[in-house]
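First the structure, in the form of structure tokens, and then the observations on it.
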Amino acid sequence: MSQGQGFGFGLGKMKELTEAFKKAQQVQEGARRLQEELEQMEIEGESGGGLVKVVLSGNQEPLSVTISPDVLGEGAEVLSDLVTAAMKDAYNKSTTTMRERMEELTGGLNLPGM
């Protein structure tokens, strides 16, 4: 090891490392705020032209299911299919929302795996 070089990091590398740590802290704080926002969000999925509606929180916790009386006479199988389709719709909307918000949070940071 040559003198003044430390562990192979020059001053330029230390600045880069310091900036990377600052960015990581910003992302961590943003992720905490995002988690709080997601807990408060309500994302609605529906099926059958609005006959069945499912509401999830932004972090995909089921909050409610609303079934129109108009669909009750259609039978259990149809109702089950409509509830499943509404849940899938809400789930897809929530994952899209989470992905978009994470991209906003980490945009431009060139994080591996993002």
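The sequence shown begins at 39 in the working numbering and counts up one residue at a time.
Glycine is no exception: its CB is placed at the ideal position from the N, C-alpha and C atoms.
Keep in mind that this is a model prediction, so the values were computed, not measured.
With 16 or more other CB atoms across the displayed protein chains lying within 10 angstroms of its CB, L94 is buried.
Contact between the stretch 70-78 and the stretch 103-110 is not established, with fewer than three Cβ pairs separated by less than 8 Å. Comparing alpha carbon positions, the residue from G88, G111, L120 and V92 closest to S132 is V92. Within the DSSP secondary-structure output, E84 pairs in a beta bridge with K91. Between S85 and A114, the gap from beta carbon to beta carbon reaches 8 Å or more.
If you draw a straight line from the Cα of T134 to the Cα of E112, it is about 31 Å long. A Cβ-Cβ distance of about 26 Å is found for the pair E75 and G88, leaving them out of contact under the 8 Å criterion. In the three-state DSSP reduction, S102 falls in the strand class (E or B). For M125, the enclosing alpha helix (DSSP H) has its first and last residue at A114 to T144. Exclusion of the five residues before and after G145 leaves no residue of its chain whose Cβ lies closer than 8 Å to its Cβ.
With fewer than 16 other CB atoms across the displayed protein chains lying within 10 angstroms of its CB, D108 is exposed.
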